[in-house]
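First comes the structure, then the notes that go with it.
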Amino acid sequence: PARTSRPEWDGVGRLADGHRVKLLTNVGSASDARAAAAAGAEGIGLFRTEFCYLSATSEPTESSQRAAYAAVLEPFAGKPVVVRTLDAGSDKPLAFLDMGAEPNPALGVRGLRIAFDRPDLLDRQLTAIVAAAADTGVELSVMAPMVATAAEAAWFASRARAAGIGRVGVMIEIPAAALCAAEILAEVDFVSLGTNDLAQYVFAADRQLGAVAALNDPHQPALLRLVGMVAEAGAAAGKPVGVCGEAAADPALAPVLAGLGVTSLSMNAVALAGVGAALRAVDLAACRALA
Ligand code: PEP
Ligand code: MG
Numbered sequence: 005p006a007r008t009s010r011p012e013w014d015g016v017g018r019l020a021d022g023h024r025v026k027l028l029t030n031v032g033s034a035s036d037a038r039a040a041a042a043a044g045a046e047g048i049g050l051f052r053t054e055f056c057y058l059s060a061t062s063e064p065t066e067s068s069q070r071a072a073y074a075a076v077l078e079p080f081a082g083k084p085v086v087v088r089t090l091d092a093g094s095d096k097p098l099a100f101l102d103m104g105a106e107p108n109p110a111l112g113v114r115g116l117r118i119a120f121d122r123p124d125l126l127d128r129q130l131t132a133i134v135a136a137a138a139d140t141g142v143e144l145s146v147m148a149p150m151v152a153t154a155a156e157a158a159w160f161a162s163r164a165r166a167a168g169i170g171r172v173g174v175m176i177e178i179p180a181a182a183l184c185a186a187e188i189l190a191e192v193d194f195v196s197l198g199t200n201d202l203a204q205y206v207f208a209a210d211r212q213l214g215a216v217a218a219l220n221d222p223h224q225p226a227l228l229r230l231v232g233m234v235a236e237a238g239a240a241a242g243k244p245v246g247v248c249g250e251a252a253a254d255p256a257l258a259p260v261l262a263g264l265g266v267t268s269l270s271m272n273a274v275a276l277a278g279v280g281a282a283l284r285a286v287d288l289a290a291c292r293a294l295a
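In our numbering, the protein residues as written are 5 to 295.
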């Protein structure tokens, strides 16, 4: 029965030997955030801000963005949160951002790429995020989605810092970014692996297409090698490397990711206890052997 088989987890992500792997949560709404706080998440590892705007027909004003973000951040007062700037396009089209027709939307103008043409949109969002963080007393980090190069990371970091954000990161979800993680880490304070998109682009398999779903498998060595490379670059730079794709929610994979050197895992609230218990059962040497 679910009641007796529920794994024990005390709300601190660590291995049997005490090695820390922070257990964070992915959220897109205030109810996600409340559930994750109740489930013991140590912080927010990925706030998908685009989920606040899926039905908006015009750009939300700075003050409405501020209120929407604050509602999500509020359960994590005093805790670390990573807010991701708009990741619109491809599998997350937004009505108020007309991307035009693209033959391959997953390879098109999505994520941070929209901001290169519309930096004003990014700047208004960054201002609203900073205000919402101040309103709620969270420990703010901001990261950009769909970054391909170190130059893009540097461009984002300078705009985020100009907006007053102290901790700036980017997602590693394009193979080019994983291959150049060291150069990207020279520009930012942390990175977070988006294994959903990284798998899609590594295996050339549409993440929305059931017919190729079997290829989108984070247990595959090609994906894990890239994760290991990024984690090594993070260790060399002395900067955190998280995973916030669905791979982070897999209790069988969590010890492998820890063994590869990943420093935090971010997942939906329901996965926290299972992943937390799986990590508690193994020490770092066993994780490294598995990896
Ligand atoms: C990912 O790509 O792994 C990720 C976490 O971002 P999203 O699923 O929102 O694209
Ligand atoms: Mg993604």
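Virtual Cβ for every residue (Gly too), placed ideally from N, Cα, C.
Three CB pairs or more closer than 8 Å across the segment 221-235 and the segment 275-293: no
C-alpha gap between A226 and G82, whole angstroms: 38 Å
Classification of G242 by the beta-carbon crowding that lies within 10 angstroms, buried from 16 upward: exposed
Environment of P107 [buried if 16+ CB atoms lie within 10 Å]: exposed
Nearest neighbour of V85, chosen from G168, G265, I133 and R163 [CA to CA]: I133
Cut-off 8 Å between Cβ atoms - residues of its own chain near P222, not counting five sequence neighbours on either side: T199, A203, L228, G249, E250, A251, D254 and L257
Coil, strand or helix - P109 by DSSP: helix
Proximity test, D91 beta-carbon vs ligand 1 heavy atom, cut-off 7 Å: yes
Closer than 7 Å: P179 CB and nearest ligand 2 heavy atom: no
I169 - partner residues in DSSP beta bridges: Answer is none; I169 lacks a bridge partner.
Endpoints, beta strand (DSSP E) assigned at M147: E143 to A148
Contact with chain D by G22, beta-carbon distance below 8 Å: Absent from the structure: chain D. Only one protein chain is present.
Cβ-Cβ distance between F160 and V142 below 8 Å: no
Under the three-state DSSP convention, the category T267 falls into: coil
Bridge-paired residues (DSSP) for M175: S196
Between the CA atoms of S145 and L261 - distance to the nearest angstrom: 22 Å
N200 CB to nearest heavy atom of ligand 2 below 7 Å: yes
S94, buried or exposed, once every other Cβ within 10 Å from all chains shown has been counted against 16: buried
Cβ-Cβ distance between A20 and A285 below 8 Å: yes
Cβ contact check for the segment 176-186 and the segment 151-158: 3 or more pairs under 8 Å: yes
Any 3 or more C-beta pairs closer than 8 Å across the segment 37-53 and the segment 268-276: yes
Beta-carbon proximity of R114 to A92, cut-off 8 Å: yes
Distance cut-off 7 Å: P222 Cβ against heavy atoms of ligand 2: no
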